[in-house]
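For reference, the structure is listed below as structure tokens.
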Amino acid sequence: MKPHILVVEDETALVTLLRYNLEREGFRVTESTDGEDAVIQAVEDVPDLILLDWMLPQLSGIEVCRQLRRKTETRAVPIIMLTARGEESDRIRGLDCGADDYITKPFSIAELVARVRTVLRRARPALQEEILRYSDIVMDLASHRVSRAERPIHLGPTEFRLLRYFMEHPGRVFSREQLLDAAWGRDVYVEPRTVDVHIRRLRKVLNGEGELDVIRTVRAAGYALDQPQSGDMARAAS
Ligand code: CA
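Residue numbering for the sequence shown follows the working numbering, starting at 9 and increasing by one per position.
Printed below as a string of structure tokens:
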């Protein structure tokens, strides 16, 4: 079961960006653009976490937070408030509405996702199963099962470690040396070119017919687990 995040935000561009990135990180996302609707939605379909904007039509984020804390269904749902830079964030801290964390706009998607995971881990340890997700790829670390678009993928141990490392750091470019350290260990001597061989194998099993190549080759730099448009979306966030 994917952790469910309710995004409460009236800026539609930001909602789109959050939805895109959170879904890519393996979350189920629902959205609400005003405070009253957010309270109704949160009670009807109780999320695992709420991202709550402070400046909202109808009810302010603070008031939404207070109402959610008073309701049995949503009392324990972790809430991360999104606030604009400046005095609002100080005021919000002073107002004890019961939020678990605050993020000041503009924020980076990476920071937001990290905060979401931290708050979720604290609140619901059971949600932190050892499962990594990226796009349509799912990696179960406990059972060593990997699938793409629900099709089982069989990886050798080195490819498994490589993919795991990529999935733990989606979007980041790693040099061959960094990948060697991560997948083979520091004390092992392996030719950096060996990485290319294993990346080729990984691509071959991972990318089925008609599927996008999720491993990006970065000339003179290395490799990244990435999708063509994701870099553009992430930049638009900051
Ligand atoms: Ca707003």
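For each residue, glycine too, the CB sits at the ideal point set by N, CA and C. Owing to the predicted nature of the structure, the values given are computational and were not obtained by experimental measurement.
Rounded separation between residue i and residue j - CA only
{"i": "Arg123", "j": "Leu149", "result": "22 Å"}
{"i": "Ala46", "j": "Val121", "result": "21 Å"}
{"i": "Thr82", "j": "Arg172", "result": "34 Å"}
{"i": "Gly43", "j": "Thr112", "result": "19 Å"}
{"i": "Arg130", "j": "Val203", "result": "37 Å"}
{"i": "Gly295", "j": "Leu233", "result": "Absent from the model: residue 295. The displayed extent of the chain is 9 to 246, so no value can be given."}
{"i": "Glu71", "j": "Val85", "result": "15 Å"}
{"i": "Ala92", "j": "Pro114", "result": "7 Å"}
{"i": "Trp62", "j": "Leu128", "result": "20 Å"}
{"i": "Leu163", "j": "Glu138", "result": "18 Å"}
{"i": "Thr80", "j": "Ser68", "result": "20 Å"}
{"i": "Glu167", "j": "Gln235", "result": "19 Å"}
{"i": "Val205", "j": "Ser151", "result": "25 Å"}
{"i": "Arg74", "j": "Met147", "result": "38 Å"}
{"i": "Trp192", "j": "Tyr110", "result": "39 Å"}
{"i": "Thr20", "j": "Arg224", "result": "30 Å"}
Proximity below 8 Å, CB of residue i to CB of residue j
{"i": "Ser116", "j": "Arg32", "result": "no"}
{"i": "Val15", "j": "Arg27", "result": "yes"}
{"i": "Met175", "j": "Leu140", "result": "yes"}
{"i": "Ala107", "j": "Ile87", "result": "yes"}
{"i": "Gly230", "j": "Val181", "result": "yes"}
{"i": "Val23", "j": "Glu39", "result": "yes"}
{"i": "Arg156", "j": "Leu214", "result": "yes"}
{"i": "Leu188", "j": "Pro200", "result": "yes"}
{"i": "Val222", "j": "Ile161", "result": "no"}
Residue nearest to residue i in terms of C-alpha spacing, selected from the options
{"i": "Arg227", "options": "Glu199, Glu219 and Arg184", "result": "Arg184"}
{"i": "Asp53", "options": "Ala229, Ile13 and Tyr110", "result": "Ile13"}
{"i": "Asp18", "options": "Arg180, Met147 and Thr41", "result": "Thr41"}
{"i": "Pro165", "options": "Leu128, Leu210, Glu138 and Arg130", "result": "Leu210"}
{"i": "Glu158", "options": "Asp189, Glu219, Leu64 and Leu188", "result": "Glu219"}
{"i": "Arg77", "options": "Gln66, Leu64, Pro65 and Asp104", "result": "Asp104"}
{"i": "Leu30", "options": "Arg125, Lys212 and Val198", "result": "Arg125"}
Buried/exposed call for residue i, threshold 16 Cβ in 10 Å
{"i": "Met9", "result": "exposed"}
{"i": "Asp56", "result": "buried"}
Contact shell at 5 Å, judged by CB to any heavy atom of ligand 1, ordered along the chain
Listed by chain position, these are Asp18, Asp61 and Met63.
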